[in-house]
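First the structure, in the form of structure tokens, and then the observations on it.
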Amino acid sequence: MIKELFSRLRVFRWQKLLTIWGVFVAMAAILFAERSGIQYAATQFKIGYLPRQEARPAQIALFGQPVTCLLLYDSGQEGTDLAKEQFDRILLDMKVNTQAVDVHTTPLASIPEFDQYKTVVVFMSNLDALGKRLIDLMNWVQDGGSVLFAMTPQKTTYFDVISPKLGALSSSWENKLAESIVPTEEFMLGGGQRYELSDPFESSLSISLREEATIYASTGDEGVPLVWSTKSGAGRVVVDNIGIYDKVMRGVYAASYSLLCDATAYPVINSAVFYLDDFPSPVPGGDGTYIRRDYGMSIADFYSKIWWPDLIKLAQEYSIRFTGVMIENYEDDTRSVPVRQPDTQQFRYYGSLLLRQGGEVGFHGYNHQPLALSDTDYKGLYAYHQWPSENAIVSAMDELIDFQKTVLPHTEGSVYVPPSNILSASGRRVLGSKVPQIRTIASTYFEDGTSLPYVQEFGVADDGVVEQPRIISGSMVGNAYMRLAAMSELNMHYVSTHFMHPDDLLDVDRGAAEGWEAYKGGLEDYLNWLDAAAPDLRKQTGTECSGAIQRYAQLTVSLESTADAWELSLGNFVDEGWLLFRANEGTPGKVTGGELTRLTGNLYLLKADADTVRIEKKGA
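Yeah, the sequence shown ends on 648 if you go by my numbering, and it's all consecutive.
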């Protein structure tokens with residue numbers, strides 16, 4: 029009996045030990061696989077590039093399309109040029125073919141007849157410049173036309189005459205401060221919230237509206253109407269009373285235009301991309317004071333044990349696939365022959381982890397020197413150097429591309445992000461003509477007050493390179509401008525492009541003192557906002573977004589309304605198309621040739637599966 033008992037105890041003890049050993053073996057295997065940096069496959073893109081020769085810029089795609097919109101502007105009035113500059117791009121991207129008439133240089137009698145168009149957009153604050161043609165315009169609206177007054181109107185003689193038809197009850201000579209904008213929840217994606225305006229001033233007419241006018245956006249403090257519409261006879265009037273004509277407001281103006289006619293449809297991108305600049309790269313230099321303060325570890329340990337695991341958790345929670353852009357070294361030598369980076373461990377390790385996560389690796393630079401020749405002057409703002417020749421730029425890019433193929437043989441990058449978003453005209457020309465592997469440039473959407481950034485629009489360039497600007501960056505903690513920009517671009521292009529740097533936590537100007545937890549909290553807050561505002565937005569890599577941009581850029585749309593349906597004809601349709609569709613009159617029903625998803629209010633996301641789409645009207 030005693031022998032049997034001891035025998036059982038020995039067996040039990042060894043079973044426990046075997047279990048423990050098994051756990052350790054499994055952990056070792058996982059760690060080996062992770063640390064080896066080779067356990068990955070090539071990224072499987074859900075949507076890829078179209079051939080260069082098949083992708084058309086928007087301007088070419090629109091050529092020959094029917095002109096449906098008349099732009100009336102007065103170049104002699106202050107601010108008109110700013111408003112028209114923004115609307116020219118807005119309507120191009122919405123694929124609205126337009127005819128522009130400058131009433132400052134065109135006799136009023138020569139203004140075309142309004143019944144040639146579906147919509148009219150007026151760019152002038154002093155409506156007296158239109159004279160009696162303004163009365164003609166409002167009579168046309170009365171008969172079924174649609175007009176958008178895109179600039180804050182001045183209280184003038186002609187304005188007072190037509191103001192009841194614009195929905196006005198009363199107005200005063202003073203303007204009101206437009207310190208913020210609060211779109212209604214059912215008007216815009218991200219609506220129902222307050223967005224602060226940069227450098228606010230008295231830009232909005234003080235006005236009271238009739239009950240029949242529908243207010244779509246107002247200021248947060250006094251509730252000054254900023255966007256409203258009203259019926260005028262059989263037609264529609266929309267008024268923008270914002271008075272701020274900046275790129276960051278494009279989505280608001282696009283949404284305003286979509287209130288015209290009984291329905292509006294315009295192509296969008298449908299993509300959210302998250303960039304990691306300088307990743308993978310050598311361990312970033314910089315002051316690790318705050319990392320040591322918060323975590324008691326080195327910079328390298330922080331990235332491997334805290335930063336990357338936290339990013340992976342966010343990626344899993346929000347279905348993100350990161351696009352990292354590689355930099356080979358941080359040397360500033362632009363004149364010597366490029367030298368191969370001998371330490372490849374960080375590149376293999378993080379690059380493979382990124383690819384195993386379903387992400388993508390692109391290019392940031394052989395070093396962190398912008399692609400600029402001697403004709404670029406940094407004006408003392410940066411300590412960067414110029415490259416001595418175009419051949420030197422090509423050699424540096426060739427080395428970077430070859431280095432990537434060496435450390436990550438199962439991937440092939442195509443996206444280039446300029447260091448500090450600086451790319452000279454000559455450098456841009458070199459990329460487009462002499463570095464064919466670069467299919468996409470992802471720089472910045474906004475200017476910074478200097479001539480150095482390579483500022484982009486979403487689209488396809490004449491040389492076939494995809495232009496994919498990044499809109500927002502970092503944690504966005506307390507950054508009202510970027511939150512407004514994010515909201516605006518959801519409604520303009522249905523897109524979100526964000527970037528961050530591993531070394532943000534080493535730079536006080538980028539949030540190092542606040543620490544990673546505050547930074548991560550701000551990023552998480554944005555991701556929660558994005559998911560709430562646009563839950564159907566596709567999370568993509570840089571390449572996938574570029575494929576979507578190619579299809580969006582060349583897609584045109586013609587919408588015809590009948591008694592029982594809306595008929596959409598799509599030009600240059602390839603394999604898929606995405607559009608925002610607003611039903612101002614009637615409710616969408618059965619869809620043929622696509623799929624319709626309600627986003628908010630009467631705003632829908634349309635996925636087109638064919639070049640013709642029919643949306644039936646319920647109850648028709």
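Note that the Cβ used here is the ideal one computed from N, Cα and C, for glycine as well.
Quick one: Cα of T147 to Cα of A343, how far?
-> 43 Å
Note down the Cα distance separating L339 from I319, rounded to an integer number of angstroms.
-> 16 Å
State the Cα-Cα distance for the pair G104 and A111, rounded to the nearest angstrom.
-> 13 Å
At what residues does the alpha helix (DSSP H) containing S284 begin and finish?
-> 278-285
Going along the chain, which residues of its own chain have a beta-carbon closer than 7 Å to the beta-carbon of A56, five neighbours each way excluded?
-> Unreliable positioning characterises A56 in this predicted model, as indicated by a pLDDT of 39, which lies under 50. The coordinate reading is nonetheless provided below. If we look at A56 and ignore the five residues flanking it on each side, it has no Cβ neighbours.
Return the CA-CA distance between D371 and R642, expressed in angstroms with no decimal places.
-> 58 Å
What are the start and end residues of the beta strand (DSSP E) that includes R13?
-> The chain is shown only over 29 to 648; residue 13 falls outside these bounds and no answer can be derived.
Range of the contiguous beta strand (DSSP E) that encloses D130 | Going by DSSP, D130 is part of the beta strand (DSSP E) stretching over 126-130.
DSSP puts E595 in a beta bridge; with which residues?
-> E588, R642
Candidates L136, R84, S364, D171: which alpha carbon is nearest Y145's?
-> D171
If you draw a straight line from the alpha carbon of T439 to that of D559, how long is it in whole angstroms?
-> 30 Å
Reference R368, options N298, R384, N395, closest by Cα | N395
Look at A86 and L119 and say whether their C-beta atoms are less than 8 Å apart.
-> no
Within the region 68-100, ranges of the beta strand (DSSP E) (whole runs, at least 3 residues) = Counting only runs that start and end inside the region 68-100, there is no beta strand (DSSP E) element of at least 3 residues.
Find the nearest neighbour of L136 within the set K123, M122, D164, judged by alpha-carbon distance.
-> D164
Give me the Cβ distance between S479 and L399, rounded to the nearest whole Å; I'm assuming they're in contact under 8 Å.
-> Incorrect: roughly 16 Å between the Cβ atoms, too far for contact.
Own chain partners of I243 with C-beta closer than 6 Å, once the 5 adjacent residues on each side are dropped | P253, W256
Own chain partners of I499 with C-beta closer than 6 Å, once the 5 adjacent residues on each side are dropped | Y473, A513, E517, T525
Who are the near neighbours of Q465 in its chain, counting only those whose CB is closer than 8 Å to its CB and skipping five residues on each side?
-> I429, E440, G441, S442
Below 8 Å between beta carbons: does that hold for L155 and T184?
-> Taking 8 Å as the Cβ cut-off, L155 and T184 qualify as a contacting pair.
Backbone CA spacing between G220 and L287 [nearest angstrom] | Approximately 18 Å between the Cα atoms of the pair.
May I have the straight-line CA-CA distance separating R27 from Y323, to the nearest angstrom?
-> No statement about residue 27 is possible, as the shown extent of the chain runs from 29 to 648 and does not include it.
For the candidate residues R376, I450, A470, G387, whose alpha-carbon lies nearest to that of K493?
-> Here residue 493 turns out to be Val, not Lys, going by the sequence shown. Residue A470 is the option with its Cα nearest to V493.
Beta carbon of L197 nearer than 8 Å to that of R238 | yes
Measure the CB-CB distance between Y101 and F151 and report whether it falls below 8 Å.
-> yes
Could you give the C-beta distance for Q582 and R84, rounded to a whole number, given that I count them as a contact under 8 Å?
-> 4 Å
Pick out whichever of L90, G408, T615 has its Cα sitting closest to the Cα of M122.
-> L90
Per DSSP, the bridge partner or partners of E623 = K635
With DSSP run on the structure shown, which of helix, strand or coil describes F52?
-> Summary for F52: the model assigns pLDDT 41, below 50, so the residue's position carries little reliability; its value from the coordinates is reported in the next sentence. Helix at F52.
Measure the alpha-carbon distance for L205 versus G506 and round it to whole angstroms.
-> 22 Å
Own chain partners of F346 with C-beta closer than 6 Å, once the 5 adjacent residues on each side are dropped | Note that residue 346 is Tyr in the sequence shown here, rather than Phe. Excluding residues within five positions, the ones whose Cβ falls inside 6 Å are L555.
Just the C-alpha distance for S461 and Y303, rounded to the nearest angstrom, thanks.
-> 25 Å
Can you check whether the CB of F73 is closer than 8 Å to the CB of G569?
-> According to the sequence as given, residue 569 is Thr; it is not Gly. Contact flag set, yes.
Taking the continuous beta strand (DSSP E) assigned at S138, which residues delimit it?
-> Where S138 is concerned, there is no enclosing beta strand (DSSP E), given that its DSSP letter is neither H nor E.
Residue range of the alpha helix (DSSP H) that F431 falls in?
-> 418-435
For the putative contact between A241 and F215, defined by C-beta atoms under 8 Å, what is the C-beta separation to the nearest angstrom?
-> With a Cβ gap of about 14 Å, A241 and F215 do not count as contacting.
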